[in-house]
Amino acid sequence: MRRNFSTWAWTAAGIAAGLPMPVLAQTRNTIMGRLINTASMFGPFQTIDNEPGAGLRQAARIIGLIIGSLLAFLGIVFMLLMITSGIRWMTARGNETEIEKAKETIKSAAIGLLVVVLSYAFVTLISRMVVDTGLLRG
548 MRRNFSTWAW TAAGIAAGLP MPVLAQTRNT IMGRLINTAS MFGPFQTIDN EPGAGLRQAA
608 RIIGLIIGSL LAFLGIVFML LMITSGIRWM TARGNETEIE KAKETIKSAA IGLLVVVLSY
668 AFVTLISRMV VDTGLLRG
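Under the numbering used here, the first residue of the sequence shown is numbered 548, with each subsequent residue one higher.
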């Protein structure tokens, strides 16, 4: 009986800890919100909707949304690869070929994630440098 109560208590605590997460996801400090803000920072895109360049601003927001969606998708793919490789490694039962396959998949997934993160950082750096120098202002 005591063990059953402990299981229910831990389950309830886990659910209660996860309840505020959807509220946190609605803030503008998410990756998607920051991408939209980044997309609207560029010189000709800093206009109100009735001025010239408003269409470019909308295009920048759409591109920001597409990039954010692709990054989220790649993050999900990375996590799925890590989980399946971990399961493969745990269930290998000493089979060296299965363990090596799992290690190789983990290594490839980590390298892929590193390439994606570094390329995003590089593009962000270049775009900020372009904005700071005013090359987009006509």
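Note that beta-carbon positions come from the ideal geometry of N, C-alpha and C, so glycine has one too.
Within 8 Å, do at least three Cβ pairs link the stretch 647–657 to the stretch 616–635?
yes
Top-ranked residue by Cα proximity to V664, from I653, R608, G622 and S674
G622
Assuming F620 and A656 make a contact with CB atoms under 8 Å, what is their CB distance in whole Å?
In fact, because the Cβ distance is near 14 Å, the residues do not count as touching under 8 Å.
Quick check on DSSP: helix, strand or coil for T638?
The three-state reading of DSSP puts T638 in coil, since its state is none of H, G, I, E or B.
For L672, does the three-state DSSP call read helix, strand or coil?
helix
Can you tell me the Cα-Cα spacing of L627 and I614, whole angstroms?
20 Å
Rounded C-alpha distance that separates N551 from W636:
Cα-Cα distance, rounded: 32 Å.
Among the candidates E645, T680 and L618, whose CA atom is the shortest distance from the CA of S666?
Nearest C-alpha to S666 among E645, T680 and L618: L618.
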